[in-house]
Every structure is written in C-alpha cells, then in structure tokens.
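Presented below is the structure to which this report refers.
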Amino acid sequence: MLQPINVSLESLNLVTLAPMLIAIVGGLVILILDLINEKLHKSLYVMLTILLLVVDFGATLGLGVNERGFFDVMLIDGISIISQLMIIVASIIFIPLALTSKRFHEYSYPEFFALFLFMIAGFQFMVASDNLILIFVGLETASLSLYTLIALHNRANSFEAAVKYFTMGALAAAFYAMGSAVVYGLTGSVELYKVAEVLATRMNETGLMIAIFGSSVLLLVAFAFKLSLFPFHTWAPDVYEGAAAPLVGYMSVVPKIAAFVVSIRIFGMYIDLGVEWVRVTLLVMAVLTMTMANIMALVQEDVKRMLAYSSISHAGFIMAALALDTTEGTTAIFLYYALFMFTNLGAFAMLWISRRKKKAFSNRYDHPYSKFAGFIKIMPVGATIMALFMLSLAGVPPFSLFWGKIYVMQAAVNSGYIWLAVVMGLNSAIAAYYYLKLIVYMFLMEPVKKVDVIYYNLSKPLMVVIGFATIATVGAIFYVQPLVSYLYYMISASGY
Amino acid sequence: MDNILSILVFFPAIAGLLGFIVDKESARVYGITVAAIEFLLSIWLWVSFDASNAGMQFVEMIPLIPDFGVSYYLGVDGISLFILIMAALMTLIGMISMSITENIKNMIITLLFLEMTMMGVFVALDAIIFYLFWELSLVPMLYIIGAWGGNLRIYASVKFFLYTFAGSLIMLVGMLFVAYIYHNLTGVWSFAITDWYALVLPVEYQLWLFGAFFFGFAIKVPMFPFHTWLPYAHGQAPTIGSVILAAVLLKMGTYGFVRFSLPMFPDASVMMITPIAVISIIMIIYTAMVAYAQKDIKQVIAYSSVSHMGIIMLGIFAMNAEGISGSVFQMLSHGIVSGALFMLVGMIYDRRHTKMLDEFGGLAAVMPKYAVIFGIMLMASVGLPLTIGFVGEFLVLLGFYQISPVMTLLAGTSIIIGAIYMLTIYKRTFFGPVTNEANKVLKDLTPTETWSLIPLVAIVIWLGVYPKPVLEPIDNSVKAMLEFMDEKAITKEAKELIIVAKSNQGGA
Amino acid sequence: MIGLSHYLIVSALIFSIGLVGVLRRRNLLMLFFATEVMLNAVNIAFAAISHYYNDLTGQMFAFFIIAIAASEVAVGLGILIVLYKKHGTLDLDDLAKMRG
Amino acid sequence: MYEVVAFYLFSGLTIGLFLVTVMSKNILYAMTSLAAGMVLISGFFFILGADFLGVVQLIAYVGAVMALYSFAMMFFDATRDIKEKNTNSALVFLLGGLSALVLVLMFAAPIHSDAITALYPMHEGVGNAQDVGIVLFTKYLIPFEVAALMLLVAMIAGIILAGKKMDQSLTEDMSADEILIQKDEK
Amino acid sequence: MMENLVYIALFAPLVSSLFSALFGMSKRQTFVGVIASTLLFISFLASATLASHIVSTGTPIHVTMMDWISAGDLSIPFGFLVDQVSVTMMTVVTLVSTVVHIYSIGYMDHDKSFNRFFSYLSAFVFSMMILVMSDNFAGLFIGWEGVGVCSWLLIGFWYHKADVSREENPSISPSWAANEAFIVNRIADLGMLVGLFILYWNTGSLQYDVVFETLPSLSGSVLNAAAIFLFIGAMGKSAQFPLHTWLTDAMEGPTPVSALIHAATMVTAGVFLVIRANPLFGMEEVAGVSYFIAALGTFVAFFAASMALVNRDLKRIIAFSTLSQLGYMFAAAGLGAYWIALFHLAAHAFFKALLFLGAGNVMHAMHDELDIFKMGGLKKVMRPTYIYMGLASLALAGIPFFAGFFSKDAIIETAWNEGTLVLWAILVITAGMTAFYSFRQVFLTFEGDERYKAFDIHPHEMYKFVLIAMSPLALLAVVAGFGMGSFEHFVTTLLPEYHMSEHTHHIAWLLGLVVLVVAVGGIAYAYKKYAKGLKRDEALENSFIYQLLANQYYIPQFYEAFITKPYAMLSEILWKEVDMKIVDATVDGIAKLLYKSGDGARRMQSGNLSNYLNWMAVGAVLLLLVAAFSAMLG
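The listed protein sequences correspond, in order, to chains A, B, C, D and E. Heads up: take any position in the first sequence, counting from 1, add 8, and you land on the working numbering. Heads up: take any position in the second sequence, counting from 1, add 18, and you land on the working numbering. Heads up: take any position in the third sequence, counting from 1, add 42, and you land on the working numbering. Heads up: take any position in the fourth sequence, counting from 1, add 24, and you land on the working numbering. Heads up: take any position in the fifth sequence, counting from 1, add 6, and you land on the working numbering.
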C-alpha cells in the first residue's frame, strides 16, 4: 500500500516560486481588470506590467544562490537568477514601447499584457529548472504566448510570421520530446543532475555511444531552432520581418537567453561528460551560423531584416562561447546578452518610432534602407543614436557590445581556440559592412523624399526607453566591471 | 597638471559636445579656438616634458575593468610626444585653412572628436584603450570622407572603414592572446603595455603575435599590398580629411609597430626584418612608380604617402637607434609635409574644382606664392637637406644600411623616383605656358591660406636645420627601448643583431 | 518476447512517418496532423521506457506532452483561422510573401 | 504471447493509419485515420500498463483535439481533396528514411539498463491512476500548474485570435489615427 | 676674428638670397642686384682675407656652429673647416660669383624676374660655400643637394617656356632640362649617400678628420666600396659619362647661371669631392678605383670634345668643353695629382666663366640667338667681348702663359709621368680638339661674313659696367698660371705632393711642345676653315660620324627610348594593370565574393515554409548521420 506522504512547507522552499507567481498573478489581475472595465487605457496596463516586473525583479534578486525547491523541480542557481533578471530587465525596457503615439492592434488587447506576463513566467520556469518536463512546459507556455503576440500585430505578414514560427516550433518541440525520450531511456530520469550522474556511469558501455550522441542531436535540433542556429534559423528572418519591431527586439534577446540557459545546462552536461563531439558540433554550427547569417545580411534591403540576420549572427557568436564550456565562456554569454539587450532593443525601438502604417518607401518592407537616407538632416539626434547602436553592434569600442565581443573572444583564446577568435574577428569585420551601410544611408546620402516625418511614432515613453538604451550603450565601459564580476560570481558559484 | 594627458584627450571631446550648442555661423571660429587651445596644451606638455627621461611621463592609471585587466592608463614618452603635438598642430592648421562651408558645424564637431581619438591613440598605454581610440578614429573619418568627399566618396569611406576594421580585429585577437599569456604567467589580467613588455615570449608565439599585430598595423600604414584603400580615401576625401589622414592616421600604424611589435616581440621582429624590408622596398619603388602614372595631383600625393611610409617602415626595422629615431622623425616630417601638400592641392581644387594634372600648367606665373610654398613642400618631400624631410630619410637609410646594404640601396632609390614624380607634377602644374584659359585668372593665395601654410613652412625649415629639440627626446626613448629589447631578446641572432645595431663599430 | 527496443523502434518509425508528413504536407491543417503523429510517437517511447524501468516519470512526460499537444492545437488553429480570414487558403505555398 | 500479438497488431495498424494520415489527399481520411491511430496508441499504453495515460490519450486526443480539428475543418471548408504540389518528394522520403534509419539504429542500441533504479517506481497492487496521481501532485505539481497556465494561454490565444476584434486591424487602418496624423502633418 | 670672417663669408650670400627673395615677387628693382653683388663681394673679401690668413699662418680654421643631427651614435654638427683646399674653393667661388652677380645686373636687365634671379643665384653661392666649407660629409651633402636645387631653379628659370620637340630644341624646355638635371644628379646622390653610410658604419663618424684617421684600419673591400660610391656621387655632379647629358641641357638656363654653376663652380664639386677625400682615393687599396677615375676622366675629355667639334650652339660648345675639362681634372685627380686637379679647377673656373659671360654678351646682342652659323663678323660691334672670348679661348686651348696652359700641361705631363701612355695620347689629341672647337666657335662668331644680317638682327655691345666687371676674370685667365708654383706650395701642405719623376722632368719641355703643337695646329685648322666665313660642306654634315657627334652619340635618344619611356610605360602598367586590376581587384573581389555568396545564400530563404522545414530536417538528419558515424567510428 502507499504510504501517506509528508511534505513540510519548508522543504518545498516556496520562495523559489515567488518570481513566477508574481508574473502569473499579475497576468491574471490584468485579465480580471479587463473583465471589470473594458475601457481601460493601455497605459494603465503598461504601467501595471512594469510595476509587476519590478516586483518580480526584486523577488528574483532576493533569491539565494543554489537553492532547490518543490521536490527539486525548481533549481535556483546562478545562471537561473541572472537570466531571470535579464529577462525581466529586457521586459521592462520592452513594454513601454507599447505607448506609441499611433495605435497598433496588439496593444488594444489587455490580454496582450496578460499573455506577455505569462510568457515571462514561462521563460522563468524554463530557466529555473533542470527538469526536462518543466523546461518543456515552460518553453511551450512562453512560445505559445509569443506566437500569439506576433499574430496579434494583425496584418498579413505577422500571420505568416506566426504560422512559420509556430509550425517550425512544433517540429522542434517534437524533436525535443524525442530527445528527452532518449535521455530518459538512457538514464531513467529527466532531471539533468540525475541524468549526468547516470550517464557518467554508462559512458563506457559498448554500442551506447550512438544513443548518447543521438540524444544530444535531437535536443540540439530543438535548441538550435530556438537559438536560430544554421540551418535551423530559417524562420528567424521572416518572423522578425513580420512581427512588430519592438517584439522583434525582444525576441532576439529574451527567448534566446532562456534557450541559452537550458543549452548551457544540457550541452554543458554533455561536454562535461567528455562528449567532445557535442563541442565540435556546436562550434561548427556556431561558425556556420555567424558566417552564413553575416553574408546573408550583407544583401538585405531592409533594416529590420538585416537586424534579424544580425541577431542570428550574434547568436552564433554566443553559441561559440557556449561550446567552450568554461566559466569565462558562460560569463561571456550573459555579458554579451546583457549588453546586446540594450543595444538591440534600442535599435529596434528606433525602427519602431519610424514605423508607418502605410509602406511609403517600398512595396514590401517597412524599413528599407532608403527610408533612412539623409536621416541626419531630418532628425540629427535620432540618426546619431541609431548610428551609435549600429557601431555598438559592429563592435566598435567603447560601445557596449565591444566589451561583450572581446570577452567572448578572450574566452575563446583562453580555451586555446585562437582560430575561433580569428573567425569571430573576421566575421565582425564582415558584419561591420551592413551596419555601416545604414550609417552611410543615414549620414552620407540625401533624403529620398523631400520632407518626411520619420519620427512618426515617437512619444515620450519611447524617448525615455531609447535614451536609456543609448546611455547603456555608450556608458558600457563604466558598468562592465561590476556586471562582469557579478556575473562571474553567480556563474562560478553555481559551478558552470 | 599631472593629468594633462587626460585633458589633452578629453578637452576636444567635451568641446565637441558643447559644440552642438554653438551657432552655425560661429562654429568655425569655435573650432579653431578649441584646436588652438589644444595645441597650446600640447606645447605645454612639451615644455613640461623632461627630455632626459626616456621612460613614460605624465602617467595616469585608473582601473576600469580590473577583473579583465583593462585600465585607463595613459603616458607619454619621446616617441609619442611629438606625434601628439603634430596631431594637434595639423588639426589646428587644417581647420584654419578649411574651405568647407556646407554643414560646417558638423565638420567642426567631427574634427574635434577625431582629435580626441588621435590624442587617445598616442597616449594610451593600455592595449584596450589603445584599440578603443584606434577603432573610434575610423568613425569621424568615415563621416568626413563620406559626407564631404567627391563622387566616389561612399565607396571610398566604406572601403577605408572596413579594410582598417578587418585588420584591427585580427590585431585584437593578438592582444587578447597576449593578455591570456600574461594571465597564465602571472595570474593577473592586464592589458597594460608596460606590463606586457615584461613578458618574454617563446619565439613561435612571438611570430604568430607579430603576424596578428601586423595585420592591424600594416593595413593602417598602409603597407603593400594592403594599400589600395588609401588612394581612394585620399582621392575622395575633402582637404581636411586628407590632411589628417595623411598626417596623423597613417602614423598610427607605424607608431603601433614601434610601441607594440618591437618591444613586445623583439625576436620575431628581428626575424621579420627581411620580409618587412622587402615589402617596404616594394612600397617605396612600386608606389612611387604608380604615383608617377597618376593623372590626379591628389592621387600622386596619396601614392607618394605610401612610398614614404615605406621608408618609415624600413627605419623601424633597422633595429638601431639611428633608424628608429629617424623613422619616428620621418613620421613627423611626413605628417607635416604631406599634410601641407594636401592642403595645397585643396587650395587649387577650391579654385578650379578639378585636380587633374592636364587642367593645369604654368601656374607659377599666375600664382607665384602658391608655387613657392608648393616648391618648398615638394623639396621637403623629396628629402632635400635642411628641410624636415631629409633628416628622417637620411637616418632611416643610414640605419638600415647596417642591416642590409643592398636593400638600402634599393630603398634609396626613393630619392630618385621620388624626385621623378614630384618634379613631374610640379613641372606639369606650374611650368610651361598657361594654356588653359581658366587658369589665367586664378587668384594667388589668400592671406588666410598663406598664414595657415607659413607655420608649416617654418617648421619644415626649422626642423630641417635644427632637429635636435625634437630628435633628442625621441632618440632617448628609442635608445631605452633598444636596450630593453636587447635584454629581452631570447634568440642569439636577435640579441646579436640588436647589440651590433645598437652601436656602430667606430674605428674598428 | 517484446522488448523495449521493439517499442522504441515502432516509436522511431512513427516519428519518421510524422516527419515525412511534416515535410511533404502543403496544407497547414494536414501538416499539423503530422506534428501530432510525431508527438504521439514520442509518447509511445515514453510509455514503453516507463514500463520497462517501472518508473512513472515517463508517463508524466507523456502526460505533459499530451497537454502541450492540446495547447498547440488551440493556438495553432487560432492562428490558422486569422490566416485563413486574411488569405482564404491554408496552402503554405501561397504563404511566401517574406523571403530573401 | 497475447502481448506479442497485440504489439504487432497495434504496431502495424498504427503505422498504416499514420501513413494514411500523412499520405492521403483527402483531409477527412487523414483526420479519421489520425484519430484511429491515436486510439490504437492508447492501446499501446494499456499494454504497457499506463492505463491512466491511455484514458487521457483517448479523452484529450481523440475527444478534445480531434473535435477541435473537426470544427476547424468545417470552418476551412476542407472536405474536398487537397491539391498539393509536392515538389521534392524524393528528398522528403530520403530524409524520412534516413531519420528512420538512424533512429532505429539508435534505439537498437542497448539503451535499456538494469542498473537503473526507478526514481518514482510504480507500486505493486496500486492502480496506475493512483500512482500517477501521487507523483503528479507532489513532484510534478509545478509542471502541472504550469501546464494549466499553458492551457490558459492557449485558451486566451484561441479566443482572441479567432475573435471578431481581429477583423479590423488597427495596425493597417490609418483611420484609427486620422486625427493624430492630421495634427502631425500640420 | 677669423671665425667671424668664416661666418661672414658663408652667410653673406644667404643674406643676399633672403634679401632678394623679399622682393622676389615684386617688380624689377636694380638695387636688389646691387645689394646682392655687394654682399657677394663682402663674402669674397672675407674669403680672400681668410685665404691670406691661411697662407700666412698655415693653420686651418675649424669652427663648429651647432649640432645638426644626432641620433644613436651618429652626431653631425654644422662645422666648417677653412683650410688650404676649401679656402681656395671659397675664393674662386666667391670671386666668380661676385663677377657673375654684377654681370647679371646687366644681363638680366630686361627680365621681369630680375629679383628672383638674384635670390636664386645667391642661394646657390651659399650652398656652394657650405659644400666647400663643411668639415664633414653630411655637410658636404647639404651643399651638394643645395646646389642641385639651385641649379634646378636656375636652369628652369624661364619656366614659362613650353616643351618643344627634341629636333627643335635638344633640351626640350628649360623646365624639362631642370628636371633632368635634378633627377640625374639624384641618381648620383644616392651613390654618394651609400658612400656616406659605408664610411659611417665603418668609421663611426662622418667628420673628415675622424674618417680619414680611421681609414688605414679598414679592409680593402670596404675602402673600395666607399671610394666607388663616393665617386658615383662625384660623377653626377660633375656630369661624367654616363650621367653627362644634363649638363648640355642645362644651358637652357640664363647664361650667367651657366657661367657660374655649369662651368666654374658646381660641376667642379665632384672634383672637389675627390680632392677632399684624397686620403681615401690616394690609398694603395683603392688604386684601381683611382685609375678608373683617371680613365673615365680621360674618356670624357675626349668624348665631350668630339661632340663639341660639330655643335652649332654657342653655349653647348662651351658646355661640352666644360665637360671635357672636367674630364681632365678627374684624370689628374685619379692619377693622384690632386693639387694639379685643384689648380686646373681654379684656372678653369676663371677662363670658362669668362667664356660663358662672353657668350652671354653675344646672346644679349643677338637677341638670344645661339646658332653660330647665324652669326659671324660680330667683332665689328663687340670688340671687348671678342677680346675676352679670345683670351679665354686661348687659355682653354692651352696656349703658353695663359692660365690653361700651365694647368692642362701639368695634367698631360702627369699622364705621361704615371706611365699611362694611352691616357696621355688621348689627352694630347683632346687638347688639339679643344683648340680647334674653341676657335671654330670664336671665328664663326666674330670673324667672317655677317650672316646675322639675314635674320634682321641688330647686335649691340653689352653695358660698360658689365664689361668692366668681367675684367678680373680676363686678368686671371691670362695670369693665373703664374701662381702655380706658390699655389702648389700652398695647397700641398694639406694635399699630397705630386712630383714628376726625374725622367719626366727631363723631357717636360718636349711633352709641352707636343701639346703646344697639337693645340696650335687645332687653332690653325680652325682659322683656315672658319675665319673667312662659313662654307658649309653638305657631304660632311650628312656623314655618319658628323651626325653621330651632332646628336651626342644618340645618347639622349637612347635614354629616352630605353629609360624614360619604359619607365613611364611600366608606371602606367603598374598602376592600371597591377594596382587596379590585381591588388585592388583582389580586395574588391573578396568583398564581391562575400556579397555574391550572400546573394546565393539568401536563396535558401525562399519564404516557403515547407522549404524551411526541409532545411530543418536536412540539418537534423545530417547531424544524426554524423552522430551515428562518429559514434560508430569513435
């Protein structure tokens, strides 16, 4: 007969759930508020969301490192805390972008904000666990919300984007499930710490290697899709093009941070187990990703699409750091994303403020390069800020991403992968071309049309967001030190 | 004023920021004033510089990212001091003589930022800070070429940017690797060049690292075959852009060799003497010949810059005080002379809106003052004794003779083929009858133009006749560096070569 | 005797059939069917492993996969509906406006 | 013996049905065979002693999911044959075949190990539903709740995406901002 | 006191130059010329005083003004050494310069760039003074290059003239000639620089005294190399074959320039260098080089004289004769008779300058016509000039008791004395040729029928003061030879003595007689042929030899066809084919390749979802296959 189960509240360590609960409750509150009064303005929801996220942030910050909770399903280690913090910060920057001076479809739904908060909760679950089940459920919660958020932009392109993302996501989910099944079959467990223990004992069994490699491949396919690694990146440019600019900026950061955390857990485990094959594969994919994305970005006519490829390329860059599987490499991932977050969100916010409902410059694109021709004459400050973002993305010092880049490259050098650092360098040089192209259009060309209100969508909150992103981009040199030492501390504390 | 270097670096930047507020009409005066103050500050630096001290002076050090070994670390020695002063001077004079009126405010602000980066490169003692300013200097230059340049300006500016950028990224990998080795040996992260100097690296590492740094520097110099961005950049840039590009930005590359490659990789440097010398000789002869074939005056001077940079490179790898000091001096000399020549070409361009040689002829009769100053600069450019151009070239060739007489002879042909293209353009521009109607009514130099050139003429002659005040501090620092390299060298060949090169066998 | 491998191989075959479906289907609705097939294949694997290890975790996973599949269907159909309203078709060959 | 027969029967049928699902031109056939295949999969579950899972499979999949698909099918008016331009069927079958090959190779490996001890063992004499219930509401309570959240998300998504409000797009509708634009252009 | 004189001698010309430069762009001011001449005269006085001081005390004056270049162990000061050799040069240079300055006031009377001319001219003198006075090789090089530049400026003084074809004017244009002179000199300068480097790295200094002191300790190969490269330098400045073409082309400059630079002073710098470096050239180890110098000098003497035989251009004839005489000087120096070379240098300076200035008078009279075939009978209107040129030609031809007699005779005697009979014979023959062409020119110009009338030219004599100013040169051309003995005594305190052997001494009179007979024969033949007027001999003029000589052995054409044009072509090819199509195209090619591959790669982004899924599956299957393979292999 079954024994009654005694569970003490203390052993559950419920505080580990606090951040996600805040987000979930927040989402529910928004839904309820909408039920009570349909006429509430979006600004209320925006502010409410920010407030909730701030509380969430605080709750996350308060978590102790290396704690487990709730039957060890929850894992609050260093990377889970920093990734949650980064997710929340990115969300706080993202959400005010809803307050445009023009009305866009998705923000007319209070559900948008609820789904947004649920998505954050999903990501938080995803990063705060080493249980493949919870990771899967969290991932799907977040993904399903994200598909919806994309579709809510409500125009043909965004539906197309949502469908593509969704379909490929479903395929990736199948691979994830299959991979987990193999892992489960190999170890009888879906908890990574346990998996690692068992796998370590089974490494030398004959004939098993194919299953171990296979499990890594199946999982890799799923995460390569999420991280948009070549050749699983094909969705990214189209989805980025179809979605609204701020959401693209968000998508290029937050889901990837979450996916990277899980990748660190999973693939780091494999590499630690001595499956060198995984490292090689990751490196090859990383190099292919950054190179292919770069050369494809060269030929883009649209800034947003170019930035999409650029984001893919950056992801490849970071994947290389992951493959190193050193503390520095892992630190580099987070440092890179912390810096990339501001710059990239800033850049997409700049696109957002220039967004028109009618495509005046091209039949297809919202943000063709030609739209920005002579931007300096129309909006000098805007052009300068955009140029700063581009320079930062290109890795020109002292702007933020430069520090991320050298940290990644240094990590590569430290692990003896000098060729990798050289490849990264060359790729940065190629990448500089397309960033420069925008600068050239903005600064060196004459406006295509006589007078055009580029800053069509500008509003005070957007200005604040952009201003903040600018300061973070330009002043990176002053906060890199505390950031690095915090990240390094957190990561090494949790043993990565 | 212990922090004079910081002031030097950031004064123009702050002035540039404040410049956004200054009214468009007054921007030019504002710029000139700021540049003048900056120049005076640099002079003050010289005055308070202790010429007998060969080490770093006015050192400032603030840790920025201690976990990563990056610190704000500045200092100046005899090698960098004068390049610094020249950069300030050329910016000032370039601004005074500037004829641009379109978007003048943007130009002034850009120039001031550019000045910051130039100052920064030459005073940085932390590799990352060096790299920071190094890369940052591309941006204002890109804008200057791209916004005020000729028809191909965008192509030229993008080419300039990407080419240099690509090279320096490889250099960055090299820097990171040095830092890694330093960390491995000492357990401390540091990007301070002075710390790196203490590293004694295995020869194989030295060679690889030398190669990595070489890419960054060689493209900037620019060395053959990486030079093709330069003619475009110069050909398309507005006058002020060409002046600063030639006078200061190119020097960053050669300065890099002196500051990084030599003291950090003495053995590799010694081993690379022959390849570098061969490239330098190709630069000297080949580009001089290409210069001769040009149809555009500015292109001639652009290619001549490459040729002259070949001399500078050769001197750096002479591995003796004569050669290296000569090289550093030649950097100054080339800066001033080519800067002046570009200004002169700009002046005629302002009048005729063409730089094609065929359009001119007989200008000496129409514009005598212009012809005289052009003539003086030309003579300095071909290295006439008692002009600034001779001292450096002479010392470089003299120094390199110690390494290889045959190569010196080949490199020495620069004095012949330099004269060929220079005299040819001079003849075609200034001599003969005035055939083109448009040239008959040209006005001679305006007072502003004259007065912006006179100081350069004065310097050209002063330093040609009495280079000692400049040469001595340079020489002191170079000698100290050579001592150091000799101590540090690990291969026998390098040690011997540096010892032998360090002092001649007088009377032996 | 039927061993674990038998089940797993069946699972693999069904998974591959699902994959073929995903790859060859041009109609989005039918494509979704294929993804369901794939997920079901995995469920067989989990149930089998669970059975042979006498461990409940596999069943848990399968349980959650069913939940996930159901949610996906809801969201997927929602997206299909708006898409259909806009385009009037579910053929994904007509859905290539964004490219390059 | 009974198990062997059941296994091969179910296997053959399932594979056949799913083949119909992915190959059939008729959406109705495809859906029907999918539903049938899922029923047979629940049969696998029953063989494997996962009774609760089998029930859930029947209810959730065959009941809910297929019902949803049926409604959707009606909405899309997809009862007629679907014309599909299969451009690259050779590649598709090659990929499918190869993946099958590798996966079979993988699963043919001695994955099963007796050394592995169950973390959440099934108990003798305890119903499967009870076993599952205990694990689900202790260890997997959090995933369970998150799954609930996921279903909520799916519900909201389904409602708002299919809702009337989506018909008029503010994103493309200039009139939504007309007053604002006029202000701007002055 | 004496130190100040050194500086006065040196800097007076500089002051003069700068002063004139002040007015360089304003209209003609006679006082500029006057002041410049005065300053030059002051410089001459200072030099003369120094000369007398040296003569009386015998101790050289050595001053160091300041440091110039010091780097590494190299230390070069601005130091000046006034010793027997340099003071001789100084005196000659300043004297001729003063005369030429005064002369120029008249000659350049109508030129609107009058002031500029004086500025250049004085600058030249200053450079020349540095060249001769410097106490080290680097200082010498300053002067060396300085005179080169001034020569460039002065040859190209009439820069406004257009280029014409070589047939019309063998020098093409003044500016072309100027560039040629500069560039050819630069070739030699490179040799000189290398010579300097050799000396520096082997002796540790560039100071004459240090270098010469350490020479004996150096190896033969080093010494030879140093000597060869220094001599290459000398070859350029003194226009020795094959670097000689520039000198005749340099006649495009105003005639005073030709007189001062291309006859009296600058071109002798090469000889001066060899004399200065006599401790090197006189060493046993470098005897081969010295002999080569002598042989080359002899060859050039003959070679240049042969070209002078048929030339019709007044100034070019004198230029060839200068070349020829430089050959004599090198012959002497190469044979070790340094003091004789120096003496011939000085004597030559006087009479050649006089000859040129006379030619200037003729040009002035003939409105810049230079073709002696178009002159004739000018003695009626220009008697003083006739006398001057006649005297100078007598001196040049080596008629006894004129300056040239002593010096040239001594050189020929030296050739005999050294036993180099081939050299001797050539030099003797050359002496005859010299006499012939000198007087061919004089007779064609001043005697015979007045051919100029056909060209509607009304010649007139030069200004009086100009003629008076020329008189010191005329005087010296006549009497300088008598100072030979005391000169020898004076300079051999510094230069090695050179004594004829007993045997040579014994037959000196005979040797002199041979030379004299040949010279007189030359004059007589010239008289016979040209004094009565010009009778052109078509057959002769069309003969191969005549054409060969008239075209300077086709050497300029050769240079143009095989050096200048190929250089230009190669440059063009390097630029258009190599730089643009290979080097730059590679860079652009890489960029284009990346761009193209981007264009290719974006095709995978077809927009079709099914394709995307295929890609994903391809990736997955590929990874699976690789995994399976590596698992099986590993």
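The beta carbon of each residue, even a glycine, is placed where N, CA and C say it ideally should be.
Which residue comes first and which comes last in the beta strand (DSSP E) that contains residue i?
i, result
"A77(E)", "67-77"
"A228(B)", "The sequence shown places Phe at residue 228(B), not Ala. That residue, F228(B), is in no beta strand (DSSP E); its alpha helix (DSSP H) goes 221-238."
"R76(A)", "75-77"
Residue i lies in the alpha helix (DSSP H); which residues open and close that run?
i, result
"M179(D)", "165-186"
"M116(B)", "Neither: M116(B) is in no alpha helix (DSSP H) and is coded neither H nor E."
"L80(E)", "Careful: L80(E) lies outside any alpha helix (DSSP H), inside the beta strand (DSSP E) at 80-88."
Do you know whose CA, among the options, lies nearest residue i's CA?
i, options, result
"I126(B)", "I97(B), G34(B), I55(B)", "G34(B)"
"F476(A)", "A355(A), M327(A), A440(A), L227(A)", "A355(A)"
"A180(A)", "M289(E), A633(E), G625(E), L631(E)", "G625(E)"
"A253(A)", "F369(A), A26(A), A357(A), V190(A)", "A357(A)"
"M506(E)", "E424(E), F564(E), H464(E), R457(E)", "E424(E)"
"V63(D)", "V126(D), A181(D), V86(D), Y26(D)", "V86(D)"
"L107(A)", "L154(A), M349(A), W360(A), A98(A)", "W360(A)"
"E196(D)", "V191(A), L22(A), R163(A)", "R163(A)"
Cβ atoms of residue j and residue i: under 8 Å apart, would you say?
i, j, result
"A337(E)", "A311(E)", "no"
"A391(A)", "A133(D)", "no"
"L122(C)", "A178(D)", "no"
"L16(B)", "I443(B)", "No answer is possible for residue 16(B): it lies beyond the span of chain B, which begins at 19 and ends at 526."
"V80(D)", "I51(C)", "no"
"I166(D)", "M82(A)", "yes"
By the three-class DSSP mapping on this structure, what secondary structure does residue i have?
i, result
"V94(B)", "strand"
"L55(C)", "helix"
"N494(B)", "helix"
"T251(E)", "helix"
"S137(A)", "strand"
"F335(B)", "coil"
"N142(E)", "strand"
"S327(E)", "helix"
"I447(A)", "helix"
- Entirely enclosed alpha helix (DSSP H) segments - the stretch 479-505 of chain E, minimum 4 residues: Those alpha helix (DSSP H) runs which fall completely within the stretch 479-505 of chain E and span 4+ residues are 490-497.
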